[in-house]
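Engineer: Here it is, the structure in full.
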Amino acid sequence: VVFGLIVFGAVGTIYLTVTPRLEERLQEQKLDRLQADAKRYVDGERGWAAIYGPESESVLPETRVEGAAAAISAEVLILDLLSSGPASLVENFDSAPDGGVTESDVQNLALEAVRAGRPVAATPMTGAGRQAVVAYPLTQEKKVVGVAVFADTLDEVEGSVDLIRRQILLSGGIALAIALLAGYLVARALSQRVGRLEHAARKVAAGDFSNPIRADSDDELGQLAAAFDDMQNQLARLDRARKQFIASAS
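For the sequence shown, the numbering used here assigns the number 151 to the initial residue and increments by one for each residue that follows.
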């Protein structure tokens with residue numbers, strides 16, 4: 151039981167502490183890659199921010215955005231910042247209009263990027279499941295004029311983590327079964343050794359010194375068996391001496 155509890159505690163610790171950190175690290179790595187891709191397409195002299203013009207549809211061709219989305223295997227949304235009234239965004243283009251994230255899914259994150267004036271990354275739950283999302287502001291002359299949103303599914307990350315969780319549970323179950331079996335065998339062996347000592351002690355108590363007790367190991371029980379055997383030999387000698395004395399006296 152003790153072995154089983156130790157194994158169970160170790161498996162539980164790994165399952166509850168290691169896998170969440172692993173999932174978080176994998177999500178961070180995906181966000182970092184997505185943000186690096188966003189920077190590559192948005193920044194620079196020929197980047198989207200430099201040529202972006204919400205009033206001219208030809209300035210940022212859809213084919214260019216679609217090509218970037220296909221190249222990085224992600225969904226890209228272009229959101230225009232309305233110039234009048236409070237800060238608000240409206241969708242200009244979506245590389246995956248029939249699936250994936252929607253404008254409402256990323257609106258808050260995009261507005262945060264507008265207010266901060268820098269890229270913002272998160273893993274929100276959307277209508278298409280949990281996604282890695284990077285909102286990259288399109289800045290011209292230090293003024294944000296729109297936001298490019300890059301989104302990629304976390305299904306691969308979640309699938310990898312789920313696989314690792316299943317492997318931990320399977321390995322832990324096997325280790326637990328082995329620990330319980332080993333504990334049972336050890337306890338059974340100890341019980342048998344103690345039983346032999348108890349049986350020998352009863353015979354000695356009844357005056358039978360004819361069964362030697364062999365020490366089968368060097369551990370504590372083995373040392374006890376050796377001491378018991380030595381005691382039995384001494385009692386046997388005393389018993390023979392007593393009988394010889396009585397025989398001589400009679």
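Note that beta-carbon positions come from the ideal geometry of N, C-alpha and C, so glycine has one too.
Does the Cβ of T289 have 16 or more other Cβ atoms within 10 Å, making it buried, or fewer, making it exposed?
Structural biologist: To locate residue 289, count along the sequence shown from 1; it is residue 139. Buried, by the Cβ-count rule.
Engineer: Can you tell me where the beta strand (DSSP E) holding F300 begins and where it ends?
Structural biologist: As a position in the sequence shown, residue 300 is number 150, starting the count at 1. First-last of the beta strand (DSSP E) with F300: K293 to T303.
Engineer: My output table needs one value for T169: the three-state DSSP class, helix, strand or coil.
Structural biologist: Residue 169 sits at position 19 when you count from the first residue of the sequence shown. Three-state result, T169: helix.
Engineer: DSSP state of F359, grouped into three classes?
Structural biologist: Residue mapping note: residue 359 aligns to position 209 of the sequence shown, counting from 1. Reduced to three states, the DSSP call for F359 is coil.
Engineer: Leaving out five residues before and five after Q185 in sequence, what residues of the same chain have Cβ atoms less than 7 Å from its Cβ?
Structural biologist: Against the sequence shown, residue 185 aligns to sequence position 35. Answer for Q185: P269, A271 and V284, listed in chain order.
Engineer: Answer with buried or exposed for E173, where buried requires no fewer than 16 other C-beta atoms within 10 angstroms of its C-beta.
Structural biologist: Within the sequence shown, the letter at position 23 stands for residue 173. E173 should be labelled buried.
Engineer: In whole angstroms, give me the CA-to-CA distance for A355 and R387.
Structural biologist: As a working mapping, residue 355 is identified with position 205 in the sequence shown. As a working mapping, residue 387 is identified with position 237 in the sequence shown. When rounded, the distance between both Cα atoms is 15 Å.
Engineer: Just grab the DSSP bridge partners of V192 for me.
Structural biologist: Taking the sequence shown and counting its residues from 1, the one referred to as residue 192 is at position 42. Answer is none; V192 lacks a bridge partner.
Engineer: For L232, does the three-state DSSP call read helix, strand or coil?
Structural biologist: Walking along the sequence shown from the start, residue 232 turns up at place 82. DSSP places L232 in coil when its eight states are reduced to three.
Engineer: To the nearest angstrom, report how far apart S208 and V161 are at their CA atoms.
Structural biologist: Start at 1 with the first residue of the sequence shown, and residue 208 comes out as number 58. Start at 1 with the first residue of the sequence shown, and residue 161 comes out as number 11. Caution applies to S208, whose pLDDT of 44 falls short of 50 and renders its modelled position unreliable; the value that the coordinates give is listed next. So the two alpha carbons sit approximately 58 Å from each other.
Engineer: With DSSP as the reference, please indicate the residues paired to D244 in a beta bridge.
Structural biologist: Here residue 244 corresponds to residue number 94 of the sequence shown, with the count starting at 1. D244 is bridged to L227.
Engineer: Just how far apart, CA to CA, sit L227 and I328?
Structural biologist: For the purposes of this step, residue 227 is identified with residue 77 of the sequence shown, where counting begins at 1. For the purposes of this step, residue 328 is identified with residue 178 of the sequence shown, where counting begins at 1. Answer to the nearest angstrom: the Cα atoms are 53 Å apart.
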